[in-house]
Amino acid sequence: MSSWRVFAIVALSVILSLESSFVSAATAQQWRSRSIYQVMTDRFALPQANPPLPTDQCNVTAHDWCGGTWQSIEQNLDYIQNMGFTAIWISPVSQNIPGPTAYGNAYHGYWIQNVTLLNDKFGTSDDLKSLISALHARDMYIMIDVVVNNVAATTSSFTPSYSPYLFDSAQYYHPYTPIDWGNSTSEQLGWLGDANLPLPDVNTSDPYVRSTYQTWIKSFMEEYEVDGLRIDAAKHVEPGFWGPFCGENGAAGVFCIGEVYGPDVGSAAAWQGPLDSVLNYPAYYAVTNAFSIPGPSNISGLVQMYNQSNTMYKDTTVLGNFLENQDLPRWAGVSIDPMTLANALVYTFMTEGIPIVYYGTEQAFTGSADPYNREPLWPSAYNTSTFGHGTIAVLNQFRNYLVSNVSSTTSGGAWLDQKSKVLNWGSVDLVISKGGVISVMNSLGSPPSNYTTVISNTGYHTATILRDILTCTAYSVASNGALALDYNLGAHPLVLYPDVWLQGSGMCGYNSTLSSQNQPGNSTSTHGGAGARAWTPTPLASLASTFLLSLPLAMGMFS
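Number 227 in my numbering belongs to position 235 of the sequence shown; there are no gaps in the numbering.
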């Protein structure tokens, strides 16, 4: 064989090797271009079967397995991608304790027994690899939930036998102590759970424990090519654990976002450093207080949280923005008015951060606390004509367009890099601008109102046409860059963008010029573009019309 052919083969091998290692190393900068659909594996979809499996056998109050698997997620990826999502986050994949317990079975995946083994209730190793390959073929990322802080006891004893566990001796656990909430040391050394189901706290400062976890996560990421990790109970582990375990320079080698529960910005921001990012619980609380109940509300609290975030976080563009999850009440269970959801979604998608939507939000699920907020999705028949589905799809399509169309901002830079700013706010409204996009949110609710929002300086010249991408309504900027918006047709949010810049977006009558080569994140993506599909939006007002007609009746039910 000639020397040049040998060289070519060697060079190709090196390139393929580098490409292979790159595939499983999605960074924080790559993740910020994504939007995430959170899936509870057991509750998202039933596997396809002949004859079909019964769809009425999931009683959430039983705290039991309902049958969702990795394979059934793969079989229903069209539903997720057609809403414009470019990533999914699934339940922990590790082996859980056998049940039942005082609180039922471990269908949610968080009661870990051995983190290095897979949960066979969800499928096989090949099933998980097939799901991940299918996502990557669609240019989508996968984030997997990981639990390292604790295991779950198989009895109600605070001195359980550890023989079934990965760490099989009491020396690898902190002695039982209840948590003194607000004391960070106690939160890191104390046990979660209760007397009915203790959650023994792993001693993550032990060198053997750290080494074992690092070896496992490195091997796991190499075998399965996972793109990111969501870290459960992150603040209950000492900060020094995370650097060697997570992030681009840690054993995992990918983006890690942690659960740091609580409303305080400073407390959450302290964990961005040990971890790449955190779930934005302070924003969740502030947005809920601002928008969930129609009428004058705590917009000032939302603005205060927003300002604190810009000061305290190292990088707001990778915060995980959400309205629901498996531990929180459903939005539609708190507010019956879909316009409150629309306004909250606009904040989630159009400010800095990674939008995260919990499965069923689009179907207006109403479950309150656990277990009612962990409903099966299949009774919805995966309806794609709901108000929530349409709103989310439009926001995803627009955000994906902004991310891919890097030059269409007021300053000519990438939309993701632009800092947002509050243009004005009042007792019922909030206007935020980011990279040329003006988002107008309010807490007025669906019924018509005499209220008018005045934006004194949009940043645009007189007579510039701004189009609301949610309703496709056009507005003309008045003198001195001002714009007045009234709510006599109901208080839907607005997401305004120059008409001329929507050309090529596939929205509001414009053709789409997006392709797999110029979708979100292509310049840095490990799997090419984000793969969002063009979606012809039904105007928001039309989607809400049925609700508006029935609103007096619905309100009468609660009088």
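Ideal placement from N, C-alpha and C gives every residue a C-beta, glycine not left out.
Requested in this report: Compare the C-alpha of T308 against each of Q163, N281 and A262 and name the closest.
Outcome: Stepping through the sequence shown from its first residue, residue 308 is reached at position 316. Measuring from the Cα of T308, the nearest candidate turns out to be A262.
Requested in this report: May I ask which residues mark the beginning and end of the beta strand (DSSP E) holding W81?
Outcome: If you number the sequence shown from 1, residue 81 lands on position 89. Segment A79 to I82, the beta strand (DSSP E) holding W81.
Query raised in the report: CA-CA distance, D421 and Y443?
Result: On the sequence shown, position 429 is the one that residue 421 refers to. On the sequence shown, position 451 is the one that residue 443 refers to. Approximately 10 Å, taken between the alpha carbons.
Requested in this report: Let me know if S211 comes out buried or exposed under the rule of 16 or more other beta-carbons within 10 Å of its beta-carbon.
Outcome: As a position in the sequence shown, residue 211 is number 219, starting the count at 1. By the C-beta density criterion, S211 is exposed, having fewer than 16 other C-beta atoms within 10 angstroms.
Query raised in the report: For the beta strand (DSSP E) that Q105 lies in, which residues bound it at each end?
Result: As a working note, residue 105 is residue 113 in the sequence shown. First-last of the beta strand (DSSP E) with Q105: I104 to L110.
**Report entry** As assigned by DSSP and simplified to three states, the class of R130
**Finding:** Numbered from its first residue, the sequence shown carries residue 130 at position 138. Coil, per DSSP.
Query raised in the report: Of the choices S471, L120 and I80, whose alpha-carbon is the least far from that of I134?
Result: Residue numbering aside, residue 134 sits at position 142 when the sequence shown is read from its first letter. The shortest C-alpha separation from I134 is found at I80.
Report task. Between the Cα of V386 and those of N313, N365, M499 and D362, spot the shortest distance and give me the residue it belongs to. Result -> Here residue 386 refers to the residue found at position 394 of the sequence shown. Looking at the Cα atoms, M499 is the closest of the given residues.
Query raised in the report: Can you check whether the CB of C464 is closer than 9 Å to the CB of G501?
Result: Translated into positions along the sequence shown, residue 501 becomes position 509. Translated into positions along the sequence shown, residue 464 becomes position 472. Against a cut-off of 9 Å, the Cβ pair of C464 and G501 comes out as a contact.
Query raised in the report: A476: buried (16+ other C-beta within 10 angstroms of its C-beta) or exposed?
Result: Translated into positions along the sequence shown, residue 476 becomes position 484. Under this definition A476 is an exposed residue.
**Report entry** Nearest candidate by alpha-carbon position, reference A406, set L181, E344 and F114
**Finding:** Here residue 406 refers to the residue found at position 414 of the sequence shown. Closest option to A406, Cα to Cα, is E344.
Query raised in the report: Q105: buried (16+ other C-beta within 10 angstroms of its C-beta) or exposed?
Result: What you label residue 105 is simply residue 113 of the sequence shown in a count that begins at 1. Classification for Q105: buried.
Query raised in the report: If you drop the 5 nearest sequence neighbours on each side, which residues of the same chain put their C-beta closer than 7 Å to that of A455?
Result: Reading the sequence shown from its first residue, position 463 is the one you call residue 455. S468 and V469, listed in sequence order.
Query - Classification of A41 by the beta-carbon crowding that lies within 10 angstroms, buried from 16 upward - result: Looking up residue 41 in the sequence shown gives position 49. A41 comes out exposed.
Query raised in the report: According to DSSP, what are the bridge partners of Y29?
Result: In the sequence shown, the residue the question calls residue 29 occupies position 37. For Y29, which the question treats as bridged, DSSP gives the partners I80 and V349.
Report task. Look at the alpha carbon of F150 and the alpha carbon of Y168, and state the distance between them as a whole number of angstroms. Result -> Residue mapping note: residue 150 aligns to position 158 of the sequence shown, counting from 1. Residue mapping note: residue 168 aligns to position 176 of the sequence shown, counting from 1. When rounded, the distance between both Cα atoms is 6 Å.
Requested in this report: Report the rounded CA-to-CA distance for E66 versus G482, giving the unit in angstroms.
Outcome: Within the sequence shown, numbered from 1, the residue matching residue 66 stands at position 74. Within the sequence shown, numbered from 1, the residue matching residue 482 stands at position 490. Those two C-alpha atoms are separated by around 39 Å.
**Report entry** Reduced DSSP category for R202 - H, G, I as helix; E, B as strand; rest coil
**Finding:** Stepping through the sequence shown from its first residue, residue 202 is reached at position 210. DSSP places R202 in helix when its eight states are reduced to three.
**Report entry** Under the three-state DSSP convention, the category W183 falls into
**Finding:** In the sequence shown, the residue the question calls residue 183 occupies position 191. Coil.
Query raised in the report: Where does N142 sit, in a helix, a strand or coil, going by DSSP?
Result: If you number the sequence shown from 1, residue 142 lands on position 150. Strand.
**Report entry** Given I28 as reference, the closest of E316, N51, D491 and Y216 once Cα atoms are compared
**Finding:** Indexing the sequence shown from 1 puts residue 28 at position 36. Residue E316 is the option with its Cα nearest to I28.
Report task. Using the DSSP secondary-structure output, state which residues sit across from C248 in a beta bridge. Result -> Working through the sequence shown from its first residue, we reach residue 248 at position 256. Note: C248 is bridge-paired with L221 in the DSSP secondary-structure output.
**Report entry** Buried versus exposed call for E629 [16 or more other C-beta atoms within 10 Å across all chains shown]
**Finding:** No answer is possible for residue 629: it lies beyond the span of the chain, which begins at -7 and ends at 551.
Query - the segment 218 to 231 / the segment 192 to 209 touching (three or more Cβ pairs under 8 Å) - result: yes
Report task. Quick one: give me the first and last residue of the beta strand (DSSP E) that Q87 is part of. Result -> Residue numbering aside, residue 87 sits at position 95 when the sequence shown is read from its first letter. From DSSP, the beta strand (DSSP E) with Q87 extends over S86 to N88.
Query raised in the report: Expressed to the nearest angstrom, what Euclidean distance is found between the alpha-carbon atoms of N142 and K113?
Result: Counting from one through the sequence shown, the residue named residue 142 turns up at place 150. Counting from one through the sequence shown, the residue named residue 113 turns up at place 121. Cα-Cα distance, rounded: 20 Å.
**Report entry** Rounded straight-line distance, which links the Cα of S377 to that of T207
**Finding:** The residue given as residue 207 occupies position 215 in the sequence shown. The residue given as residue 377 occupies position 385 in the sequence shown. The alpha-carbon atoms of T207 and S377 are separated by roughly 46 Å.
Query - Euclidean distance between Cα positions of E240 and V218 - result: Your numbering for residue 240 matches position 248 in the sequence shown. Your numbering for residue 218 matches position 226 in the sequence shown. Cα-Cα distance, rounded: 13 Å.
Requested in this report: Leaving out five residues on either side along the sequence, give the residues of the same chain with a beta carbon under 7 Å from the beta carbon of R24.
Outcome: Reading the sequence shown from its first residue, position 32 is the one you call residue 24. Hits under 7 Å: T309, V310, I346 and L408.
Query raised in the report: Taking Cβ to Cβ, would you say T332 is nearer than 9 Å to P286?
Result: By 1-based counting over the sequence shown, the position of residue 332 is 340. By 1-based counting over the sequence shown, the position of residue 286 is 294. For T332 and P286, yes; Cβs fall inside 9 Å.
Query raised in the report: What is the DSSP secondary structure of M499, counted as helix, strand or coil?
Result: Position 507 of the sequence shown, counting from 1, holds the residue named residue 499. M499 falls in the coil class under three-state DSSP.
Requested in this report: Would you kindly report the start and end of the unbroken beta strand (DSSP E) that includes V423?
Outcome: For this step, residue 423 is matched to residue 431 along the sequence shown. Looking at the DSSP string, the run of the beta strand (DSSP E) that includes V423 is D421 to K426.
Query raised in the report: Can you tell me the Cα-Cα spacing of G76 and G380, whole angstroms?
Result: As a first step, residue 76 is located in the sequence shown; it is residue number 84 there, counting from the start. As a first step, residue 380 is located in the sequence shown; it is residue number 388 there, counting from the start. So the alpha carbons of these two residues sit roughly 13 Å apart.
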